[in-house]
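Numbering (the numbering used here), first residue to last: 9 to 634.
Positions of the beta carbon are idealized from the N, C-alpha and C atoms, including for glycine.
Below is one structure, written out as structure tokens; comments come after it.
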Amino acid sequence: MLAHFFIGISLKMHSMNNNFNDVSFAAEFLHTVQPFNALETADLQWCARKLEAVYYPQDKAIFASRPPPGLAIIRKGAARLLDKDHKFLDKRSEGELFGHDIYFHGELKEYFAEAEEDCLLWRLSDEDFRQVREKFPVVGEYFSSHLKSRLKAATKAKHTVTQVRDLLNREPVLVNSDVSIRIAAQMMSTENVSSILVVEDGVLCGIVTDKDLRQRVLVEGLESSLPISTVMTENPMSIPADADVDTALLMMLRENYHHLPIVDGKKPLGLVTAGDILRAQSEHPLRLVRDIHKKNSIEELLELSQRLPSLFERMVHLGRGVGQIGRMVTHITDAFTVRLIQIAEKELGPAPMPYAWVVFGSQAREEQTARTDQDNGLILDRDADEDEARWFSKMSSIVCDGLDQLGYVYCPGEVMALNVKWRVSLPRWKRYFDKWINEPDPKSVMHSSIFFDIRCVHGECSLVDELQEHASRRAKNDRIFRRFMAANALSHRPPLGFFRRFVQEDDGSHSEGLNLKHRGIVPITDLVRIRALEAGISEANTFRRIEKATEAGVMNKKDASSLRDALILINRIRICHQSEQMMAGEKPTNFVPPEQLSPLMRRNLKAAFMLVQEAQSALELRYQVH
């Protein structure tokens, strides 16, 4: 049936300008192709009318001159891209594009194309391609000649996030700071509200809740004639009206607040409560966190832990940002940890001395995805005697064993409070860091990569602050140590071989997948950690490290933005894959078979890996690592 097409290099089939069925079909196909998938239906049809269908038999040249003849979209088959010396550069398959300027290893190269197999293309002429780019900025941005701009366009996702102003359903109840407690309480009763905002000259200055009236007035026996400012929470944390609901939730999770004032500048517009958000979103991490704090046994917590997979899948399905998912999942892990500590303290009695329960790794960075192993420890106020050591040993067993039962498995490297080595006094922790920095052998560098990502979850967090300040100061002033850290960071390379082909793992069990954690996420977190150490930044979260390192001048804005976009893209692919695995009843992993990704997603992933390679090359040059 197709024999007559095998004449000459190519033969046009027909234009789609006047064929409604063809236009609709082409528009539907374009909707699956980035960046056209960002366009509305009418715009897709406008583009489809510009297309012409062209067929090329196997091994025939598609174009062999520059500049390229517009844009080609592969409908069926595959094409190979060759340099001027006829050497292979890349391959394009169904749904992928060529004809436009393409960067190879960061360099714009002249190339031509030929059909690797029988190939059906939809093609835009050079003039039509120019019109499409001008008419639709999202398309023009995608085809920007700079790789970093391309990646930024790829990381943009279309999803709607509710703003907190959308939750307001009534005017705020306000009182002046000099109004008596009695009058303020009467207003709360009349208006049927559980909280009231206090203002001075129309500016928010405080908040009073039912709980405040009970604990600060009734229990303390205060006179109701006193001004409401006597019992208000001064300068309460607030949130701008245009902030999204997830941001409000994260603030509530972090601070354990149940009321959050909404402001326009300094003017109060109303209040958002946990109940408001739960009514707006029937299933949300905040509900799980609240339920966790109400449970009193491992068995009860185990029941709640079964909700985490579906919750994770829902967050991914709703298009939550990578950073938001990481923080929300981490806050849930924190909540389980804190509740287990509280259960342990109830069973064992009060702690014999001040202490801080600390976490490391992805939990410290607030970047957890699906469940991971636990990395934790204890910082004690001083060296423990025999009885005190026994108490902390029992407490650590209850917490770590409990986390394991909840799905947070024991750390294979035994970086846990269960290990007596990692539940020691603050002075001992300082000596650990001093030794790692002074004697940066491979083991010390490995420990540093773990323990420089540290965060307090429960207890006397000032102990952690002091340790972070000590370690950050030492690392900032020791370039030799950072050079060893750089060498270690460069041992984790993105999985790209010659011609930008993916290099898959071959460890026996995952020979068909790309390890997005160890070959994608880890290289970025390692790079950013070193930059943070250069500036003496104690912040653990990678995104905030990038921001602060840029502010400190140790990272330029373009490189920082590129690494951020690469981290978002790689992590997005990772969490989507994990979500799909969990929905299929499989254990989530970090290994993603590239053939399961769309052609354009594979191209975007390669672009992200290339930017990581560029950043590693810059680090290698900076520290003269060979």
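Would you check whether the ligand FAD has a heavy atom nearer than 7 Å to the C-beta of Asp342?
Only the bare structure without any ligand can be found here, which leaves the ligand FAD out of the picture.
With 16 as the cutoff for other CB atoms within 10 Å, does Gln604 come out buried or exposed?
Classification of Gln604: exposed, given that the 10 Å Cβ count is below 16.
Along the chain, where does the beta strand (DSSP E) that runs through Trp3 open and close?
This structure does not reach residue 3, given that the chain is present from 9 up to 634, and the question cannot be answered.
Any idea which residues DSSP pairs Ser188 with across the strands?
Pro235
Once the 5 residues before and after Asp299 are set aside, which same chain residues still bring their CB inside 7 Å of it?
Leu312
Quick check on the burial criterion: 16 or more other C-beta atoms within 10 angstroms. Buried or exposed for Asn384?
buried
If you scan the region 40-99 from start to end, which runs of the beta strand (DSSP E) of 3 or more residues do you find wholly inside it?
60-64, 69-71, 79-84, 86-90
Less than 8 Å between the beta carbons of Ile581 and Met618, yes or no?
no
Would you call the region 417-424 in contact with the region 436-443, where contact means no fewer than 3 C-beta pairs closer than 8 Å?
no
Where DSSP assigns a beta bridge to Phe599, which residues make up the other side?
DSSP output for Phe599 lists Asn523 as bridge partner(s).
For Glu542 versus Lys556, is the C-beta spacing smaller than 8 Å?
Pairing Glu542 with Lys556 gives a Cβ-Cβ distance that is not under 8 Å.
Could you compute how far the alpha carbon of Ala3 sits from the alpha carbon of Leu356?
This structure leaves residue 3 out entirely; the chain is present only between 9 and 634.
Which of helix, strand or coil does DSSP assign to Gly334?
helix
Suppose only complete runs of 4+ residues qualify. What are the alpha helix (DSSP H) ranges in the region 434-468, listed by chain order?
Correct list: 434-446, 450-459.
Quick check on the burial criterion: 16 or more other C-beta atoms within 10 angstroms. Buried or exposed for Phe344?
buried
For the region 302-319 against the region 529-540, are there 3 or more C-beta pairs whose distance is under 8 Å?
no
Report back the beta-carbon spacing between Cys213 and Ser246 to the nearest angstrom; my notes put them in contact at under 8 Å.
Actually they do not touch by this definition, with Cβ atoms about 11 Å apart.
If I measure Cβ to Cβ from Asn523 and keep anything under 8 Å in the same chain, skipping five residues before and after, which residues do I get?
Pro503, Glu513, Asn598, Phe599
If the criterion is Cβ atoms closer than 8 Å, does the pair Asp51 and Phe144 meet it?
yes
Just list the residues that DSSP pairs Gln171 with in beta bridges.
Asp252
With DSSP collapsed to three states, give me the class of Val147.
helix
Please name the residue, chosen from Lys614, Val31, Gly544, that lies closest to Leu577 on a Cα-to-Cα basis.
Lys614
Quick one: what does DSSP say Gly544 is sitting in, helix, strand or coil?
In the displayed model, Gly544 falls within coil according to three-state DSSP, outside both helix and strand.
Between Pro607 and the rest of its own chain, which residues show a CB-CB distance below 6 Å, the 5 nearest in sequence each way excluded?
Ser101, Gly103, Glu104
Label Ser480 either buried or exposed according to how many other C-beta atoms from any shown protein chain fall within 10 Å of its C-beta, with 16 as the threshold for buried.
buried
Would you kindly work out how many angstroms separate the C-alpha atoms of Ile406 and Ile349, rounded to a whole number?
8 Å
Rounded to whole angstroms, what is the Cα-Cα separation between His518 and Glu125?
With a pLDDT of 46 at His518, under the threshold of 50, the predicted position of this residue should be treated as unreliable, though the coordinate-derived value follows. Distance between the alpha carbons of His518 and Glu125: 30 Å.
Can you tell me whether Ser517 is helix, strand or coil according to DSSP?
The pLDDT assigned to Ser517 is 46, lower than 50, so where the model puts this residue is not dependable; a value taken from the coordinates is nonetheless given after this. Ser517 falls in the coil class under three-state DSSP.
Considering only their Cβ atoms, is the gap separating Arg436 from Ser404 smaller than 8 Å?
Between Ser404 and Arg436, the gap from beta carbon to beta carbon reaches 8 Å or more.
Just how far apart, CA to CA, sit Gln632 and Glu447?
19 Å
In the structure shown, what three-state DSSP assignment does Ala364 receive?
strand
If you drop the 5 nearest sequence neighbours on each side, which residues of the same chain put their C-beta closer than 6 Å to that of Ser233?
Cβ-Cβ distances below 6 Å link Ser233 to Ser188 in the same chain, with the five nearest sequence neighbours on each side left out; the list follows chain order.
DSSP state of Thr377, grouped into three classes?
coil
Closer than 6 Å by C-beta to Leu176: which residues in its own chain qualify, once you throw out the five before and the five after it? Chain order, please.
Gly278
So for Ala123, helix, strand or coil by DSSP?
DSSP places Ala123 in strand when its eight states are reduced to three.
Relative to the alpha-carbon of Leu309, which residue among Arg552, Leu434, Asp409 has its alpha-carbon at the smallest distance?
Asp409
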